[in-house]
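Enquirer:
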Amino acid sequence: MKSADELEVEALMERYFDGLYHSDSEVLRTVFHPKLAYINASEGNHEFMDIEAYMTRIDNREPPAKRGENRSESVDRVKLISRQMGLVEARMTMMGREYQDLLTLIHTDAGWQVLTKVFAYQEKEG
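At position 8 of the sequence shown (counting the first as 1) the number is 14 in my numbering, and the numbers step up by one without a gap.
As structure tokens, then:
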């Protein structure tokens with residue numbers, strides 16, 4: 007049986023994937039900590055943003071859902087290290103790319119939130 011924390015992280019990841027697929031910054035703000043560190047670790051495309059810059063990017067892009075893109079995502083690993091921190095490894099395919107995410111989690115008064123999003127992507131073949 008899953009613990010309350012595991013169920014909360016599962017719901018967090020559902021909102022994460024939904025928010026990205028629909029480019030919904032309101033939903034994503036329920037996922038991310040206000041001090042989010044967003045780090046693109048893709049070869050040749052390193053970039054660093056805070057939550058406001060990232061939410062502006064989300065608001066300014068056409069949602070994959072609106073383009074009718076197929077949706078593919080998975081949570082490969084969840085490791086809750088303590089009642090206060092954890093790690094999620096996840097994958098998502100959208101916008102012609104395959105993304106691999108490492109998300110560090112912190113437990114706050116608002117519940118579990120993503121504090122850092124470090125990811126890389128590769129262009130999807132075919």
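Backbone N, C-alpha and C fix where the C-beta goes; we use that ideal spot for every residue, glycine too.
#1: Tell me the rounded alpha-carbon separation between residue 120 and residue 81.
#2: For the putative contact between residue 64 and residue 34, defined by C-beta atoms under 8 Å, what is the C-beta separation to the nearest angstrom?
#3: Look up residue 134 in the DSSP assignment and say whether it is helix, strand or coil.
#4: Three Cβ pairs or more, each shorter than 8 Å: is that satisfied between the stretch 10-18 and the stretch 55-73?
#5: With three or more beta-carbon pairs closer than 8 Å as the criterion, would you say the stretch 53-61 touches the stretch 89-100?
#6: Using only CA atoms, which one of 30, 118, 128 and 28 lies nearest to residue 155?
#7: Buried or exposed: which applies to residue 130, given that a residue is buried once 16 or more other Cβ atoms fall within 10 Å of its Cβ?
#8: Bridge partners for residue 105 per DSSP, in chain order?
#9: Going by CA-CA distance only, name the one from 37, 31, 79 and 97 that's closest to residue 59.
#10: Alpha carbons only, please: which of 85, 25 and 27 is nearest the one belonging to residue 112?
#11: Give me the DSSP bridge partner(s) of residue 35.
#12: Report back the beta-carbon spacing between residue 97 and residue 128 to the nearest angstrom; my notes put them in contact at under 8 Å.
#13: What are the start and end residues of the beta strand (DSSP E) that includes residue 115?
Expert: Answer, in terms of the structure:
#1: Numbered from 1 along the sequence shown, position 114 holds the residue referred to as residue 120. Numbered from 1 along the sequence shown, position 75 holds the residue referred to as residue 81. The straight-line gap from Cα to Cα measures roughly 14 Å.
#2: By 1-based counting over the sequence shown, the position of residue 64 is 58. By 1-based counting over the sequence shown, the position of residue 34 is 28. Confirmed, Cβ separation roughly 6 Å.
#3: Absent from the structure is residue 134, since the part of the chain shown begins at 7 and ends at 132.
#4: no
#5: no
#6: This structure leaves residue 155 out entirely; the chain is present only between 7 and 132.
#7: The sequence position of residue 130 within the sequence shown is 124, counting from 1. By the 10 Å Cβ count, residue 130 comes out exposed.
#8: In the sequence shown, the residue the question calls residue 105 occupies position 99. The partner list for residue 105 (beta bridge, DSSP) reads 98 and 127.
#9: The sequence position of residue 59 within the sequence shown is 53, counting from 1. Ranking 37, 31, 79 and 97 by Cα distance to residue 59 puts 31 first.
#10: By 1-based counting over the sequence shown, the position of residue 112 is 106. Of 85, 25 and 27, the residue nearest in Cα terms is 85.
#11: Mapped onto the sequence shown, residue 35 falls at position 29. None, per the DSSP bridge assignment.
#12: Mapped onto the sequence shown, residue 97 falls at position 91. Mapped onto the sequence shown, residue 128 falls at position 122. About 11 Å; that fails the 8 Å criterion.
#13: What you label residue 115 is simply residue 109 of the sequence shown in a count that begins at 1. Taken as a continuous stretch (DSSP letters only), residue 115 belongs to no beta strand (DSSP E), as it is neither H nor E.
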